[in-house]
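Chains as they are written, first to last, in the working numbering: chain A, 1 to 131; chain B, 1001 to 1131.
Cβ atoms here follow ideal geometry from the backbone N, Cα and C, with glycine treated the same way.
All of these numbers come straight from a predicted model, not from anything done at the bench.
Only one structure is covered here, and it is reproduced in the block below.
Number of protein chains: 2
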Amino acid sequence: MSKKKGTRAERELLHLFWDNGFAVTRTAGSGSITIPSCDLLAGKNGKTLAVECKFIKNSIYIKEERINELREFSEKFGAEPWFGIKVMNKGWFFLPLDKVEKSKGSNYIISHDIAKRKGVNFDNLILDLEK
Amino acid sequence: MSKKKGTRAERELLHLFWDNGFAVTRTAGSGSITIPSCDLLAGKNGKTLAVECKFIKNSIYIKEERINELREFSEKFGAEPWFGIKVMNKGWFFLPLDKVEKSKGSNYIISHDIAKRKGVNFDNLILDLEK
């Protein structure tokens, strides 16, 4: 996927959170800066979601290092680590960091199938937070 | 002040937070997007600071609208609203949103003098959070 489409997906999710009563920011240069980070930070009712966005067609490999950075960032911030996965023509799925599956070597994998089996949709993501 | 110098100041503050054990992000397009936002979000020990950065020589006027946006964002997010003010050749001062002074009309003002009288330095800002 192109960087441009990734950015467009991030902006779409930004507005989805905002329209549902969250305060939300998109991180500048989250893919390039040297300190652990995430793509979006969304907060509501004292809870914070640290969301890493992926726009995929079928699947994507994620380096262990990136997983560790998201975990470190979230623990320090006091946020819940999530992957926000936009699957082409299928919409958004949300997967908690600990449900991302190990793949070959030290890589991790996110696929449409994994997102469908283990993830939740946006409505269920935010419903969970209202509890 | 130029936009470039403002961005440099934001990055400097980003690293200052990180070096002191905070997870921190800088917001993409915080000055241009249409939803309330802040320049930096810094979290530690379950507390979140929503920081609007200003790099000034002497003083700067801030529109009431901007003040209201920072307040709205922070309330929704569950963050403390702060101004991080870098005064040229004088370093950083931190002023809680409610200590920014009213100026002419509906504007607000931040000056070196106000920052010195009512603000805290970085060490005291983070000391306050450890309590």
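Put simply, the CB of residue 6/A is far from chain B, with every gap to its CB atoms at 7 Å or more. Contact between residue 22/A and residue 1076/B holds: their C-beta atoms lie close to 7 Å from each other, under 8 Å. Excluding its 5 nearest sequence neighbours in each direction, residue 88/A has C-beta neighbours in its own chain below 6 Å: 57, listed in chain order. Residue burial is scored here from C-beta neighbours: residue 86/A has at least 16 other C-beta atoms within 10 angstroms and is therefore classed as buried. Non-local C-beta neighbours of residue 1082/B in its own chain, meaning closer than 8 Å and more than five positions away in sequence, comprise 1049, 1050, 1051, 1052, 1094, 1095, 1096, 1097, 1125, ordered along the chain. Counting only Cβ-Cβ distances below 8 Å, residue 45/A has contacts in chain B at 1078, in chain order.
For a cut-off of 8 Å, the C-beta gap from residue 1054/B to residue 1107/B is around 14 Å, too long to register as a contact. Looking at the backbone, the Cα of residue 90/A and that of residue 121/A are separated by about 11 Å.
If you draw a 10 Å sphere on the C-beta of residue 119/A, you find 16 or more other C-beta atoms in it, and that means buried. For residue 25/A, same chain residues with a beta-carbon under 6 Å away, outside a window of 5 residues either side, are 41 in chain order. The beta carbons of residue 1114/B and residue 1061/B sit no closer together than 7 Å.
In the structure shown, residue 1027/B adopts extended strand secondary structure according to DSSP, grouped into three states. Residue 1104/B sits exposed, since fewer than 16 C-beta atoms from the chains shown fall within 10 Å of its C-beta. In the three-state reduction of the DSSP assignment, residue 1059/B falls in the strand class. Put simply, the CB of residue 1097/B is far from chain A, with every gap to its CB atoms at 7 Å or more.
Excluding five sequence positions before and after residue 1071/B, the CB atoms of its chain that fall closer than 8 Å to its own CB belong to 1081, 1097, given in chain order.
As the crow flies, the alpha-carbon of residue 66/A is around 15 Å from that of residue 99/A. Here residue 111/A is near residue 59/A, since their CB atoms are less than 7 Å apart.
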